[in-house]
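Chain order of the listed sequences is A and B.
Position in the first sequence counted from 1, then plus 1211, gives you the working numbering.
Position in the second sequence counted from 1, then plus 228, gives you the working numbering.
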Amino acid sequence: MSPDSSSLDELAAMFLRELEAAGGHGFVCESQEDLVDRVEKLCRSRSVLIEESPSTKFIGTALIEAGANISTTTNIWDAEVGITGVDMAVAATGTLVLLAGHNRLLAASLLPYTFIALVDRSSLVADFEQLIKILNDRLTGSTTEPNRPSAIHLITGPSRTGDVEMQLTIGVHGPPEVYAFIYP
Amino acid sequence: MATSKRSTGLEGRENIYLDRPPWASAHEEAEDAVLSDVVAQAVDRPSSRKVTDLLMAVEAVRGGPSWPPPMDSLRERASAIRRETLQDLPGYVGRLVDATRSNGVAVHFASTPGDARQIITDIAKERGVELIVKSKSMVTEEIGLTKHLESVGIQSVETDLGEYIVQLADERPSHVMVPAIHRSKDDIARVFSELSGQPVSPDIPELVAFARQRLRDDFARADMGISGVNFAAADTGTLVIVTNEGNGRMVTSRPRVHVAVMTMEKVIPRFADLAVLLPLLFYAASRQRLTAYQTFIHGPRHSGEHEGPEAVPLVIFDNGRSDISRGAYKEVLACIRCGACQSACPVYRRVGGGQAYLSTYGGPIGAVLTPLLKERPGPAELSFLSTLCGACEEVCPVQIPLTNLLVELRADYEASKEPYGLSRLAWKAWGELWSSPYGYSISTATVRLIAPFIEQARQLGIPLPGALGRWTRSRSLPKFTTREQAKHRSATAAKFASSARDASSNDNGQVPFQASREEHVDES
Chain A
1212 MSPDSSSLDE LAAMFLRELE AAGGHGFVCE SQEDLVDRVE KLCRSRSVLI
1262 EESPSTKFIG TALIEAGANI STTTNIWDAE VGITGVDMAV AATGTLVLLA
1312 GHNRLLAASL LPYTFIALVD RSSLVADFEQ LIKILNDRLT GSTTEPNRPS
1362 AIHLITGPSR TGDVEMQLTI GVHGPPEVYA FIYP
Chain B
229 MATSKRSTGL EGRENIYLDR PPWASAHEEA EDAVLSDVVA QAVDRPSSRK
279 VTDLLMAVEA VRGGPSWPPP MDSLRERASA IRRETLQDLP GYVGRLVDAT
329 RSNGVAVHFA STPGDARQII TDIAKERGVE LIVKSKSMVT EEIGLTKHLE
379 SVGIQSVETD LGEYIVQLAD ERPSHVMVPA IHRSKDDIAR VFSELSGQPV
429 SPDIPELVAF ARQRLRDDFA RADMGISGVN FAAADTGTLV IVTNEGNGRM
479 VTSRPRVHVA VMTMEKVIPR FADLAVLLPL LFYAASRQRL TAYQTFIHGP
529 RHSGEHEGPE AVPLVIFDNG RSDISRGAYK EVLACIRCGA CQSACPVYRR
579 VGGGQAYLST YGGPIGAVLT PLLKERPGPA ELSFLSTLCG ACEEVCPVQI
629 PLTNLLVELR ADYEASKEPY GLSRLAWKAW GELWSSPYGY SISTATVRLI
679 APFIEQARQL GIPLPGALGR WTRSRSLPKF TTREQAKHRS ATAAKFASSA
729 RDASSNDNGQ VPFQASREEH VDES
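Quick look at the structure:
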């Protein structure tokens, strides 16, 4: 049931729109160079925490090759930018979905000021209902053995609160800045 | 019992001037307060006006109790799911326990707040815990957890911004979604300034940045995180925790132990039900499509994962809910804690939030639940703190018949009283007197005769005896008319009402509230 290319374009456009509405920022990258260029701009002169996964490996290398002025921190609490891949992204809500696993460094999506998510275009799903259905199949094992990661995180835009006089304010404990780059 | 690790977020809190009334305290000072006195004081607090204004403004933006598609059908489905759960609560809890255990979660049962305190304290002590970070949870309020942990020398820091503010000010939360709704930004700036010994600006983004900065160190150093649970799926053992701030993610992933605490009715039959319940919860609570974060927890860190706690104990808390689930009031357990009934309730708004209810849960849901949990205030007091206007039911995402439940609680309470108490005899005598036209005429004639004297005494400040004195202390008596005058007035009113009805019939055919009220007043 994987959507064809034109419907993926539609999903990508919807995802970007919804992420912006939730207070995040999203871009479709035309090429790997475009992606590296955009990430490099956000990371310049900042300390960066990057997970080691197939979706992020080339970014780290490319950043260094590009001679980016960044540092990879030893203390995860000091990192200013965090970069991870995502397991799914929900178009209708602008939601990023991260599953705990040996590939994922969830701290990079939570602790730094800026979170950059690298979204494989083919990981887009239509809406929240479809997401729950896909997760449900995985968790209940209706198709395979049940597979339950210790945690699943759904992230929609920046951290926010309405606790002071019910005024929406961005950036409490999670990242105040969320960027998603969709790559082909 | 000094510990080596102290909270950074709470450092300096002894310098905060506590300006709250004793009954708003998080501690036992509230226990001797009388509800009627507290309500009278609460109405007069300047912050109550602010809460009323804020919630009325929110209500105006929301457009009242509206259930546009697809929310109307989600509401029907959610109501059915919650009732299905309550049909066999023990069965679903049993399935949840099996699923969570197979996921590597250690399950504990607590039947009373004392049990829960003991279980959680034991877990903390066994694991050498010195510092705890908490995300927002009503059940831990019900347990009285933070205070107890402090009494055994373990600091527990509230990390939800609103909860952090009320913890610093030593108060109970006043709204399930917006705990510090009664605090203005200036209040909060004062609390933060006294805490830090540095002036803090009342600019809201700066207040938020202050909390982010102060609590970060505690997230990094805490040994244990405590969270509530929004939903727990019986088939997969998934514990769902939703937040906007990100503190839920912090407390469930950074410390080495994560204790999840849930009341038993948080169980839902299937993970798939989240597709209905989560969007509905967010819509009802804040008209958001999704909150910033939903965290689905299955258990401790697997081998090969980089992060996550080494242990995830789950505490399932009963506190009388098993009994409630077998009785006439079981629908109260359908509640998903969205807070919509609180925001919509005119009484709740007028008393400036939930603190004036003197209970863990304020507002309509609290007025029903508190007496059933056998907490105080009991049914004699709390079930009467409502006008039965029904606004709470209209906004309830799972259609709990709150006004019916309140009426039933009142009836149960009345039935439980002494059969021949003084007030019962008085009502009986009144009933007899007004059963005959002569008795009725005599009583109204008597009142017409003495009313001017009472009013005069009142105006001259002459104290009147007993209930009459109390009743007239701040009210003047209504003008009493003769039958002939009343007939004339009611004819005029009927004419007015029918012309108002004509004027409004091209809108929606409903009689405007004002006109129908006018009629009612004159007939009585």
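Here a beta-carbon is modelled for each residue, glycine too, at the ideal position from N, C-alpha and C.
In the DSSP annotation of this structure, the continuous segment of the beta strand (DSSP E) that includes E1388 of chain A starts and ends at 1388-1394. Among the CB atoms of chain B, none fall inside 8 Å of the CB of G1293 of chain A.
If you check each beta-carbon in the region 1365-1385 of chain A against every beta-carbon of chain B, the ones closer than 8 Å belong to L1365, I1366, T1367, G1368, P1369, S1370, R1371, T1372, G1373, D1374, V1375, E1376, M1377, Q1378, T1380, I1381, G1382, V1383, H1384, G1385. With distances taken between CA atoms, E422 of chain B lies nearest to B:R241 out of B:I628, B:P607, B:R241.
Beta bridge pairing from DSSP links M492 of chain B with no other residue. Contact annotation for V485 of chain B against chain A: no contact, minimum CB-CB distance about 14 Å [criterion: below 7 Å].
Residues are counted here when their Cβ sits less than 9 Å from a Cβ of chain A; for the region 395-418 of chain B these are M405, V406, P407, A408, I409, R411, S412, K413, I416, given in chain order.
Between the C-alpha atoms of S235 of chain B and A695 of chain B there is a straight-line separation of about 53 Å.
Relative to the Cα of L373 of chain B, the nearest Cα in the group B:R411, B:I432, B:V489 belongs to B:V489. Distance from the Cα of T1283 of chain A is smallest, within the candidate group A:A1302, A:L1309, A:I1343, A:S1256, for A:S1256. In the displayed model, L1310 of chain A falls within a strand according to three-state DSSP. In the three-state DSSP reduction, Y557 of chain B falls in the coil class, being neither helix nor strand. Cα atoms of V1301 of chain A and S1264 of chain A: separation of roughly 21 Å, rounded to the nearest angstrom. Residue state for L1322 of chain A is assigned as coil, using DSSP reduced to three classes. In chain A, no part has a C-beta under 7 Å from the C-beta of L508 of chain B; the shortest such distance is about 11 Å.
Within a 10 Å sphere around the beta-carbon of P592 of chain B sit 16 or more other beta-carbons, which makes this residue buried.
A contact is defined here as three or more CB-CB pairs under 8 Å, and the region 424-433 of chain B fails this definition with respect to the region 326-341 of chain B. Under DSSP, L1329 of chain A forms a beta bridge with A:G1296, A:F1392.
Chain-ordered, the chain A residues with CB closer than 7 Å to the CB of E533 of chain B read A1311, G1312, H1313, S1361.
For Q441 of chain B, the three-state secondary structure derived from DSSP is helix. In the three-state scheme derived from DSSP, where H, G and I count as helix and E and B as strand, I309 of chain B is classed as helix. Under a criterion of Cβ atoms nearer than 7 Å, the residues of chain A adjacent to T466 of chain B are, in order, L1350. Per DSSP, the beta bridge partners of A1362 of chain A are B:I525. Interface annotation, D463 of chain B: in contact with chain A, CB-CB separation under 8 Å. Excluding sequence positions up to five before and after V485 of chain B, its CB lies within less than 6 Å of the CB of R355, M452, P537, A539, all in the same chain and listed in chain order.
When the five nearest sequence neighbours on each side are left out, no beta carbon in the same chain lies closer than 8 Å to the beta carbon of G1278 of chain A. Out of B:V596, B:P249, B:K362, the CA that lies nearest to the CA of E621 of chain B is found in B:V596. Look at V1336 of chain A here: in three-state DSSP terms it is strand. For Q522 of chain B, the neighbours in chain A by C-beta distance under 8 Å run, in chain order, H1364, L1365. One finds A500, L502, A503 in chain B with Cβ atoms closer than 7 Å to the Cβ of I1343 of chain A, taken in chain order. Per DSSP, P1357 of chain A is not a residue of any beta strand (DSSP E), being assigned neither H nor E.
Here G606 of chain B is not bridged, per DSSP, to any residue. Proximity of chain A to A254 of chain B at the Cβ level (cut-off 9 Å) is not reached, the minimal Cβ distance being about 17 Å. Sequence-ordered contacts of the region 432-449 of chain B with chain A read I432, P433, L435, V436, A437, A439, R440, L443, R444, D445, F447, A448 [C-beta pairs closer than 9 Å].
Linking H255 of chain B to A397 of chain B through their CA atoms gives a straight-line distance of about 11 Å. K723 of chain B has its alpha-carbon roughly 29 Å from the corresponding atom of W662 of chain B.
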